[in-house]
Structure formats: structure tokens, C-alpha cells
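Trainee: One structure, as C-alpha cells, below. Some questions next.
Protein chains: 2
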Amino acid sequence: MTLAEVARKAGVSSATVSRALNAASTVKNSTRARVMRAAQDLNYHPNLHARSLARGSSRTLGIILSNMENPFFFDIFKVIESSARARGYESVVANTGYRSEQLVSSIRLMIGGRVAGIAAIVSEMDTDLIRTIIESRIPCVFYDVGTPSRNITNVRVDYRKGIERTVEYLHSLGHESIAFIGHHSTLGPINERRTAFLDAVSQFAPRAQTRIVEGADGLEGGREAARELLASGFRPTGIVCVNDFMAVGVLRELRAQGIKVPEEISVTGFDNIRLSEFCSPSLTTVHIPRDIIGRTIFESLVPDPKKTRQKGREIRIDTELVLRESTGPAPRT
Amino acid sequence: MTLAEVARKAGVSSATVSRALNAASTVKNSTRARVMRAAQDLNYHPNLHARSLARGSSRTLGIILSNMENPFFFDIFKVIESSARARGYESVVANTGYRSEQLVSSIRLMIGGRVAGIAAIVSEMDTDLIRTIIESRIPCVFYDVGTPSRNITNVRVDYRKGIERTVEYLHSLGHESIAFIGHHSTLGPINERRTAFLDAVSQFAPRAQTRIVEGADGLEGGREAARELLASGFRPTGIVCVNDFMAVGVLRELRAQGIKVPEEISVTGFDNIRLSEFCSPSLTTVHIPRDIIGRTIFESLVPDPKKTRQKGREIRIDTELVLRESTGPAPRT
DNA sequence: AGACCTACTGTAAGCGCTTGCAAGGGCCAT
DNA sequence: ATGGCCCTTGCAAGCGCTTACAGTAGGTCT
């Protein structure tokens, strides 16, 4: 089913059909109706590949995420996607699962699809890839990795401060033995969170004992990390988790082992995903405003024609400690 | 950056470049190397639109989901996606949020993109749309809606039996006042779940009082529905939820109101998502094997060349009741 | 009445890639 | 030598759509 067939059926040229369908140009009403009718009758669906090829430009955004299963990423995705739709853009999304080959192939796919912009909310970015993107001239936003450049904007969250607040808070509750549960991702922000943790401890709780354990990003990963931590013999009174998603897994393991939270161990998360209010006990965590991040990303990718475009800049996002039920005074020893 | 430029730089024709890049056809090794080199140097990325247009066929699968935020859908997506990748297929995914306009535009997009197959895991399907898909000749799988046809396969889960088991089980625990929390989706399986609930009650617990409440699919929706239910004055001893995701929200509200689960109220879910083991108390639920569903869907869409293709059939998936902590004997009145 | 403008519609040249067909060159067998 | 064959490579025709440009018809203005 092609334009030409619709044209034949409607008794016009294919150019007219194209114009009628795109509503853009001048077509007599009666003609348009005839064309629409024919298209409908023939169950015609324009070939989008041919269209983008002919148009040469696309209104599609590429969104790449490390782990869509983690609501933190998903929330950002949702905001970008709906902002995009509201402005008439499609979005295509890729989930890398923290695998760098996946990232490479997703980027390839997006560049090959000549998307109008790329949002890379991933922590597994490598420098070669960044070069590729820069050279592609496609507007791109990185979340938490990379450096600004001609077509690249960076959005960064102030993790360090968030972790500092958390550690400071735990210390103020008397915790002197604190573990950090991170996830397997040696690059970027995660690593930053771990270092930030260590720095924060030495700054705010210099006498505290620490231990670091890692697991896969997810409920199960958090649970396993907690199991490993407790099996190691180290007995913390506070556990700082790299994110809420893992923290929920941690809570589960503690419950399984009959450890009361927060009476025996306090647990904190990071991100403030919805689930952190819904788990039991609800999580003390650090809020990251995904809505702001999502909108910011979209706006840097698709500049509002009314405003002047700001390119190649870095945007910082602030966080905020949210106190809930999972933290309390350290138990007396 | 086009094929022609790479060709010029490598001193060959564009046909040769194409062949070299697609590895398929016969190209002398030295030539291939030269071409690869040129492509790399120029940071060349083939225009995928042009490619699909020229090829006329695509190795892309379209996956449409009602609510990717609900891990049930996401799990299915993951399985389809990874099966697809393993067989060299890309996938594009669309999230409809139960909105039917969204479904329509997603389907349009996929047909326009000439995908190799469509997986529609949605409950908001309408008959017009189904006709469109049938006429498009694109292989398609519906989950839980529609009827088999030339290019359409149906995958169905035996909800009815699952709900029956649930109600029967609650009844055996002495529950005589049972509420059902569904979500706003008057079509398809959800409605089936509700009717199944009522039928099951009249069959297995004919003397039981019932009440039905609905909310949006999600943690918050579950919580609100529970709030509404409790505010209504009806005081159930058992709450059957349409799915686990909402059930977690229900648990949260009960906890907020100081109602003990399962001592005062038993709660059941449906789907057996990961989270149902991680919440507190863990959920009694009905397991739906998402991995089997995902693989089945993929295989119906992309038939294994070694096996004979089965078209237009209906596949039934069985469920299983999983007992956990959220259910117990009805309290004595 | 003729010039001119407006409103539509058609013609045809691509967009960047794939691929059937044919051509060129080297090699072997006769 | 010469014909035949295989291996490589180039030529050129599309794939289905958009769009600049040109053409036609009807109406308006002077």
C-alpha cells in the first residue's frame, strides 16, 4: 500500500495525497476528503522510513537508561516522554542494563535513526562514545557523566551533599558503625556516591567504623548485599544504600533475619522513589526531583523557539533529605 | 555523511561500501578494510531509514504495554526484548497508560515503521483497531484480548481459575466479608477479573458479603482505593486485589490506619511480581509466569525457521496460587 | 477584453541505501 | 592461445515519500 495507490484510487497525483495527509499545504477541501476516504478504504499507513528519509529531519528523541526497572530511571523517562509528546515529538527508549555494549548499540541505533536529540541517563558512559556523539552533532544530554561541549549539556545531581546530610544525620543519632551498600558500577555517579560516603564519614563521623558491599541494582541485589554484609561479621547500626530500590531489598533481608528497623539497624536510601513511601518501614532517603530533571533534559534537547537556546552547559540539581521511619537512634551497646 | 562520501574516501563505489558494511556479500578483504577505515574516519553512521526503505523489510518488533510502571508488564517486556535481541531483532516499545488514543497512535507508529511483528500487551484494545491490524498483515500477538485470526495469535491467562482459588482459599480461612479492588479499565481482562471474582464468591462463598472499589493501576491507586473502601463503612476481613502492584498500595493504607495484616484483614494480589515478596507482609498472590508469556509471544511473532509456524491460534497460560504472609484466618467477630 | 493574481494540482528530482545485472580481470583447462 | 569460470566491483534502478517548481483554471481589476 503506497501513496501512489491511494493517489490512483482518489484520482489525483501522489503529491496531492502527500499534501492532504500532512495537512500542511493547500489542498481543496473536497480533494482532501476524497484522499482521506481513499486512504481509509485502502487501510493506508504511510511508510515512516520513507517519510523521514524524504524529510531529512525527524521529530524523535532517543532516551537511553541504565535500568528502566528502577523507578528512578523510569520516572525520568516518563517526564521526558510526556514533555516530548506534548511538543509533538515521539520518543524511542533503550534500556542498557548497565552493559556497555548495549549502550554502544543503542547510541548507534539512535544516530542511525537520525533522532533530534539523545538523552543518556546512564552511568556506563565511555569517552570514545562521547566523542562519537559529539561528532554526530546531535544534541545530547548526559545525566551525571561527561563534560559539556558544543552539542552536549550535562545535568548533575549533587550527590555528595545528599550523602553528607545522610551521614551527618545518622551520626547525630549516635551511629558509629555504618555500612554502605552500592551497586556494581565502577563508573560515574555510583562511584562518586561511594567516595562521597567515605569522605562524609571521615568528615562527620570520623570515629565510625565502615564497610562497603556491592550488589546488582535491584531488589534482589539489595537483599543479597545485605545478606553478604551481615554474614561478613561486621554489624552496623546504620546502612546507607546507594538508592531506594536496593534499600527495599535490604529491608527485606533484615526482616528475614529478624532484625528490627530502625530499632536495631537504621537504613537509608537515595532517590525518593514512590516505593520508598510504600515499603515498611517507609524509607528515610534523599529526594532527587525527577520531574525537574526530566523537564530540564527535554528543554535542553528541544529548545523552546521563544527562548534563546543555551548550549553546552552544565545544570546542577539539588537534593533534600527526607526523614521517614527507617531511621532512628542507634541502639545502646 | 553518506555512503557516497565513504565510497569516495575509500576509492570505491557506494555499492561496495554497502556490501562491505553489511558483511553479507563478497568483498575482497583488503577492500573491506579500506572501507571500514574510511567509515570510521568519517564517523559514518548508516541512515537506518534509508536502509529499511531500501530493504523493504525490518527486523524490529513493536511492543505495546498498558503500564510499564507496573512490573508485571515490564517483566514481559524484558523477556520479549531479550529474546528478540538474541535472534537479532531490535524492539521498540510504547507505553499507553491505558489510554486508547495512545494505543491508536502507537499502533500507527508501528505499522508505519513496518515492524516485523507487534506484541500488544494491553487491555484497552478496541475492535476497529484490531481490524486495522489484521488488514496490515503484520503478525501480532494480543495478550488477553481479541480473537485469533490469520495473522493474530492470542495469549490468555486463566484468571478465572486464579481468582477462584483465591476466593476459595479465603473462604476456607473463614472470611465472609470480602472486597475486590480493581482498576479503572472497563475492558478486557480486568473486567473479567471482577466478574470472575463475583462468580467465584457466589460459587465458593455464597454467604459472603462483597464490595467492589476501583482505583488507578499503581501504588497510589491501590492506596486510594483502600482508603475509599474503608471510608465506605464496609469492613471486609479479606481484600482481593486485581494485581500485586495495587495490593502493595493497599497494604500501605492499612498500615497507615493501624490495621494489622493478616490478623485483622487478609490481602491478596495477582501476578506474583518480585515486589510481592519484598513488601511487608509479603503478599499471597497468584503467580503468572511472565517468562513463559514473553517467550511464547516472541515465538509466535518470529517463528523459528526450523519449526513449522503456527498461526492464528490461542495459547492458554496457567496460574498458581502462592501463599505468603498477607493472608490468615479471619478474625473472630 | 486582457493582464494578473490566487488557489490548486501535477511533474519530477531527490533523500541514502540495497541489490540484480553486467563488466573486468585473473586463472585454469583444453 | 583461447574459451570458460570465478571473484570483485561498478552501474543504475528502485524503495515510498516530500517538495521546489511549473502549470492550469477561474476570478478580479482596469
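The listed protein sequences correspond, in order, to chains G and A. Residues in the first sequence are numbered from 53 upward in steps of one, following my numbering. Residues in the second sequence are numbered from 53 upward in steps of one, following my numbering. Even for Gly, the Cβ is constructed at its ideal location relative to N, Cα and C. On a predicted model such as this, the values are computed, not experimentally measured, just so you know.
1. Quick check on Asn74 of chain A: buried or exposed, where buried means 16 or more other Cβ atoms within 10 Å of its Cβ?
2. Note down the Cα distance separating Ala90 of chain G from Val58 of chain G, rounded to an integer number of angstroms.
3. For the beta strand (DSSP E) that contains Thr337 of chain A, what are its first and last residues?
4. Would you report the Cα separation of Leu422 of chain A and Val265 of chain A, rounded to the nearest angstrom?
5. Measure from the alpha carbon of Val197 of chain A to the alpha carbon of each residue in A:Thr184, A:Asp178, A:Ile291, then state which is nearest.
6. In the DSSP output, what is Ala171 of chain A paired with across the bridge?
7. Let me see if you follow: with CB-CB separation under 9 Å, is Asn324 of chain G close to chain A or not?
8. Who are the near neighbours of Ile369 of chain G in its chain, counting only those whose CB is closer than 8 Å to its CB and skipping five residues on each side?
9. Identify every residue that forms a DSSP beta bridge with Val209 of chain A.
10. Could you have a look at Ser318 of chain G and say whether DSSP puts it in helix, strand or coil?
11. Is Val144 of chain A close to chain G, meaning its C-beta is less than 9 Å from at least one C-beta of that chain?
12. Which first and last residues belong to the alpha helix (DSSP H) in which Phe297 of chain A is found?
13. Is the CB of Met120 of chain A under 9 Å away from at least one CB in chain G?
14. Quick one: does Ile132 of chain A have its CB under 9 Å from some CB of chain G?
15. Report yes if the C-beta distance between Ser237 of chain A and Gly290 of chain A is below 9 Å; otherwise report no.
16. Residues of the segment 90-109 of chain A in Cβ contact with chain G at a cutoff of 7 Å, in chain order, please.
17. Using a C-beta to C-beta distance shorter than 9 Å, which residues of chain A count as neighbours of Leu271 of chain G?
18. Quick one: any contact between the segment 187-194 of chain G and the segment 314-323 of chain G, if contact means 3 or more CB pairs under 8 Å?
19. List the residues of chain A that Phe124 of chain G touches, going by C-beta distances under 9 Å, in chain order.
20. Can you tell me which of G:Ser188, G:Gln154, G:Leu161 puts its alpha carbon nearest to the alpha carbon of Val397 of chain G?
21. Just tell me which of A:Arg189, A:Ile215, A:Glu176, A:Gly214 has its CA closest to the CA of Thr205 of chain A.
22. Can you grab the Cα-Cα spacing for the pair Val374 of chain G / Thr336 of chain G, in whole Å?
23. Against chain G, with Cβ distances strictly below 9 Å, would Arg71 of chain A count as a contact?
24. May I ask you to report which of helix, strand or coil DSSP gives Asn147 of chain A?
25. Please list the partners that Ser188 of chain A has in chain G, where partner means a Cβ-to-Cβ separation under 8 Å.
26. Would you say Thr54 of chain A reaches chain G, if we count a Cβ-Cβ gap shorter than 9 Å as a contact?
27. Against chain A, with Cβ distances strictly below 9 Å, would Asn74 of chain G count as a contact?
28. Could you tell me which uninterrupted alpha helix (DSSP H) segments, each at least 4 residues in length, are contained entirely in the segment 60-144 of chain A, listed from first to last along the chain?
29. What do you reckon, are the CB atoms on Ile115 of chain G and Val144 of chain G nearer than 9 Å?
Mentor: Quick look at the numbers:
1. By the 10 Å Cβ count, Asn74 of chain A comes out exposed.
2. So the two alpha carbons sit approximately 6 Å from each other.
3. Counted as a single uninterrupted DSSP element, the beta strand (DSSP E) harbouring Thr337 of chain A occupies residues 337-339.
4. Outside the displayed range of chain A (53 to 385) lies residue 422 of chain A, so it cannot be described from this structure.
5. Closest by alpha carbon: A:Asp178.
6. Ala171 of chain A is bridged to A:Ile115, A:Val193.
7. No - not a single Cβ of chain A is within 9 Å of the one on Asn324 of chain G.
8. Annotation for Ile369 of chain G: Val207, Arg208, Val209, Asp210, Ile340, Pro341, Ile344, Ile345, Thr348 place their beta carbon closer than 8 Å to its own, counting only its chain and skipping 5 residues before and after.
9. Its beta-bridge partners are A:Ile369.
10. Of the three classes helix, strand and coil, the one that applies to Ser318 of chain G here is strand, per DSSP.
11. Interface residue, yes.
12. Taken as a continuous stretch (DSSP letters only), the alpha helix (DSSP H) holding Phe297 of chain A covers 296-308.
13. Closer than 9 Å to some Cβ of chain G, the Cβ of Met120 of chain A qualifies, so yes.
14. By the rule that beta-carbons nearer than 9 Å mark a contact, Ile132 of chain A does not touch chain G.
15. By the CB criterion at 9 Å, Ser237 of chain A and Gly290 of chain A fall outside the cutoff.
16. The residues in question are Asn95, His97, Pro98, Asn99, Leu100, His101, Ala102, Ser104, Leu105.
17. Result: Arg326, Leu327, Glu329, Phe330.
18. Contact fails: fewer than three Cβ-Cβ distances are below 8 Å.
19. Taking a Cβ-Cβ cut-off of 9 Å, Phe124 of chain G has no neighbours in chain A, whose nearest Cβ is about 12 Å from it.
20. Because chain G in this structure spans residues 53 to 385, residue 397 of chain G falls outside the shown range and cannot be described.
21. The residue with the shortest Cα to Cα distance from Thr205 of chain A is A:Arg189.
22. Their Cα atoms are separated by approximately 6 Å.
23. Put simply, the CB of Arg71 of chain A is far from chain G, with every gap to its CB atoms at 9 Å or more.
24. It is a strand residue.
25. Going along chain G in sequence order, the residues near Ser188 of chain A (Cβ under 8 Å) are Asn95, His97.
26. Not closer than 9 Å to any Cβ of chain G, the Cβ of Thr54 of chain A fails to qualify, so no.
27. For Asn74 of chain G, the answer is no, since every Cβ of chain A falls outside 9 Å of its Cβ.
28. Taking only runs of at least 4 residues, the alpha helix (DSSP H) segments lying wholly in the segment 60-144 of chain A are 66-74, 81-94, 100-107, 123-138.
29. Yes; because the gap between Cβ atoms is below 9 Å, this pair is in contact.
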